[in-house]
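What follows is a set of notes on a single structure, which appears directly below.
Numbering (our numbering), first residue to last: 5 to 162.
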């Protein structure tokens, strides 16, 4: 009886952990400050992500595309796409995240790290909350799509 209660307690605790997984702003900064040849080391070895597809690298790192994901279930998934072309000095980072991922701390971290909330903007019929810092924009989709997925875009200003 007591063992069952203890097991139930830990099961509920782990379930609560899954429901409260959160996205960390430091992850974006880490990607932003890493050379593309080290993305696997940082994201796979450091954060436990899996590679979604083979990267495309053009002109020795002038343009590239990498995709990683954290979980096979959509509600717990963080999917990261890192894209760069010749016009960008830093990569653009797109993070798709499931409904069990909390971003409340992420929004607070943006403000602490010098971002200003710039209101809500529409892009292709999708509403985004926009945060801006010196040479960076972070846009967070207001609503989830039909699969329960939301998006964060990190866009370096040129």
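We treat Cβ as the ideally placed atom computed from N, Cα and C, and that holds for glycine.
For clarity, every value in this text was computed on a predicted model and none was experimentally measured.
Residue i - DSSP class collapsed to helix/strand/coil
i           : result
residue 134 : strand
residue 24  : In this prediction, residue 24 has a pLDDT of 40, which is less than 50 and means its spatial position is unreliable; nothing more can be read from the coordinates.
residue 145 : strand
residue 90  : coil
CB of residue i within 8 Å of CB of residue j, strictly
i           : j           : result
residue 108 : residue 120 : no
residue 29  : residue 68  : no
residue 27  : residue 84  : no
Residue i burial status per 10 Å Cβ neighbour count (16 or more: buried)
i           : result
residue 140 : buried
residue 3   : There is simply no residue 3 to check, as the chain begins at 5 and stops at 162 in what is shown.
residue 14  : Below a pLDDT of 50, predicted positions are generally treated as unreliable, and residue 14, at 40, falls in that range; the measurement from the model is reported next regardless. By the neighbour-count rule (16 or more Cβ atoms within 10 Å), residue 14 is not buried but exposed.
Residues near residue i by beta carbon distance below 8 Å, same chain, minus five either side
i           : result
residue 21  : Any reading at residue 21 must be qualified, since the residue scores a pLDDT of 37, below 50, and its modelled position is unreliable; the value itself is stated next. Hits under 8 Å: none found.
residue 152 : 78, 79, 102, 103
residue 127 : 143
Own chain partners of residue i with C-beta closer than 6 Å, once the 5 adjacent residues on each side are dropped
i           : result
residue 157 : 98, 143
residue 131 : 124, 146
Test: residue i CB closer than 8 Å to a CB of chain D
i           : result
residue 136 : This model lacks chain D altogether; it includes just one protein chain.
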